[in-house]
Amino acid sequence: MSPYYEDVDTGDAIPALTVTVDETQMFFFSAATYNGHRIHYDKQWARDREGYDNVLVQGPLQAALLSRALTDWIGGAGRLVTFSVQNRAVAYPGQALTFGGVVTGKRPGALVDLDIYCKRGDDVLMPGTATVALPQRGTQ
Amino acid sequence: MTEDSLVDDESAAKIGTVVAVATGEVYRRDWQRWAAAVGDHNPLWFDPDYARRHGYRDIVCPPLYLQYAILGVAELDGLRPDGSSGAVTGGMAFPKAPRRMAGGESTTFHLSAYHGDEIEMTRTVESIVEKQGRSGRFVLVTWRADYRNQHRELLAEATTSMIARPA
C-alpha cells in the first residue's frame, strides 16, 4: 500500500533498509550493469594499485539500494520524480549499510521532498535528495 | 590550463560538447536481473497485472536501470588497465589522474520505459574542474545526459559526475 500525500508530514522518516552487501551480490550487480572496473572484483588491484583495503561496493549499487528503500515506501501508486546522490565515502563488502530518508517538505502536485542517505553506523557514505509523487485521498 | 594541471588539453577541449550518443533497447529480463541483484522485488518491475492496476500499460523499467539500457559492447582489448571501458563517458582518459570513481548522480524522471522501447542517450560534458580535497588533488567531471524513447519523448535527464585522482 502506498502512503497518501495527506498522511505524510515533514520530519517523517521512511522505513530504513539495512543490507550487508557481499561479493556475490557485487558480482551479480557488476554483471547486470556491464561493469568491468577492477576495483569491484580484483583485490590485488584494489589494494596495490588504488590503495584500498579491499574491493569496493559499487556506488551505483548503493544508489540502487537507496532507490529501493524509496520505491518500497511509495508503493505502486507512488512515483519517483527526482533522485540525487553523492558518493562521499567508500564501502567494503561485509559492512552493514542502512538506507533511508526523512521528509523535508511537501509541495503542490502531491510532491514530497526528502533527504536520503546511505549510512554505515553513523557515517553517511552517500547523502542525497529525492522527490516523490504520492497518491491523494479520493483521487484513486 | 597550468603546466601541472591534472586536466589534459584534449579533455578540457570537450567541455560543452556532445561526447557520446548511445542507443539501446530496454529488455525486461535485463532490468529484472538488475533488480534481483539489488534485492529489489518491486512488483512494478515483475508483475504485469500489478502494474496495470497502478495505471501502467505493462511492467516498467526501474527508473535507475534506464542508464544501463544503452550500454554497448566492450572490446576487452580496448579496456583501460583498470578494467573500465569509458565508452559511455566519451572515452575521456585523464592520463594524469587514472584512479577514477563515481562522484554522484542526479536524475529527473519524466516518463516510464517499457520492454522493447528504443532509448537514445545524448551525453554532454558540462564541466571539468580540478579541486583540492582532504586526500589531495582531484578532477571532478560532470556530464549531462538526456534519455529519449523511439517517440522522441524525454524519459529522463541525468547529471552524473566522476572523480579522477592522480596515481
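Residue numbers (the working numbering), protein chains in the order written: chain D, 1 to 140; chain A, 1001 to 1167. Heads up, the beta-carbon is just placed ideally off N, CA and C, and yes, glycines get one too.
- Residues of the stretch 1098-1130 of chain A with a C-beta less than 7 Å from any C-beta of chain D: 1099, 1101, 1102, 1103, 1104, 1105, 1106, 1107, 1108 and 1109, listed in chain order.
- Counting along the chain, residue 74 of chain D sits inside the alpha helix (DSSP H) bounded by residues 59-74.
- The Cβ atoms of residue 132 of chain D and residue 78 of chain D sit closer than 7 Å to each other.
- No Cβ-Cβ contact shorter than 7 Å links residue 1156 of chain A with residue 1122 of chain A.
- For residue 127 of chain D, the enclosing beta strand (DSSP E) begins and ends at 123-133.
- If you ignore the 5 residues before and after residue 67 of chain D, its C-beta comes within less than 7 Å of the C-beta of 80 and 83, all in its own chain and listed in chain order.
- Interface annotation, residue 69 of chain D: not in contact with chain A, CB-CB separation never under 7 Å.
- If you draw a straight line from the Cα of residue 93 of chain D to the Cα of residue 43 of chain D, it comes to about 12 Å.
- Counted as a single uninterrupted DSSP element, the stretch harbouring residue 139 of chain D is not any beta strand (DSSP E), since DSSP gives it neither H nor E.
- In the DSSP assignment, the residues bridged to residue 1123 of chain A are A/1020 and A/1145.
- Comparing alpha carbon positions, the residue from A/1071, A/1166 and A/1150 closest to residue 1020 of chain A is A/1071.
- For residue 1039 of chain A, the C-beta contacts it makes with chain D under 8 Å involve 19, 25, 65 and 68, in order along the chain.
- A straight line joining the alpha-carbon of residue 1065 of chain A with that of residue 1110 of chain A spans about 14 Å.
- Listed in chain order, the non-local C-beta contacts of residue 111 of chain D below 6 Å within the same chain comprise 131 and 133, local neighbours out to five positions each way being set aside.
- Assigned with DSSP and collapsed to three states, residue 84 of chain D falls in strand.
- Apart from sequence neighbours up to five positions away, the residues of its chain that approach residue 1131 of chain A with a beta-carbon distance below 8 Å are 1137, 1138, 1139 and 1140, ordered along the chain.
- Contact of residue 80 of chain D with chain A is assigned, a C-beta pair being separated by under 7 Å.
- In summary, the residues of the stretch 1055-1076 of chain A whose CB is separated from some CB of chain D by less than 7 Å are 1063, 1064, 1068, 1071 and 1074, in the order they occur in the chain.
- Boundaries of the beta strand (DSSP E) harbouring residue 112 of chain D: 111-120, taken from the DSSP string.
- Excluding its 5 nearest sequence neighbours in each direction, residue 104 of chain D has C-beta neighbours in its own chain below 7 Å: 10, 113, 114 and 115, listed in chain order.
- Rounded to whole angstroms, residue 58 of chain D and residue 1054 of chain A show a C-alpha spacing of 32 Å.
- DSSP, read as helix, strand or coil, puts residue 1164 of chain A in strand.
- In its chain, beyond the 5 residues on either side, 1122 and 1157 have a beta carbon closer than 6 Å to the beta carbon of residue 1146 of chain A.
- Distances from the alpha-carbon of residue 1116 of chain A to those of A/1047, A/1098, A/1023 and A/1162 put A/1023 closest.
- Residue-level contact by beta carbon holds for residue 1042 of chain A and chain D, with a gap shorter than 7 Å.
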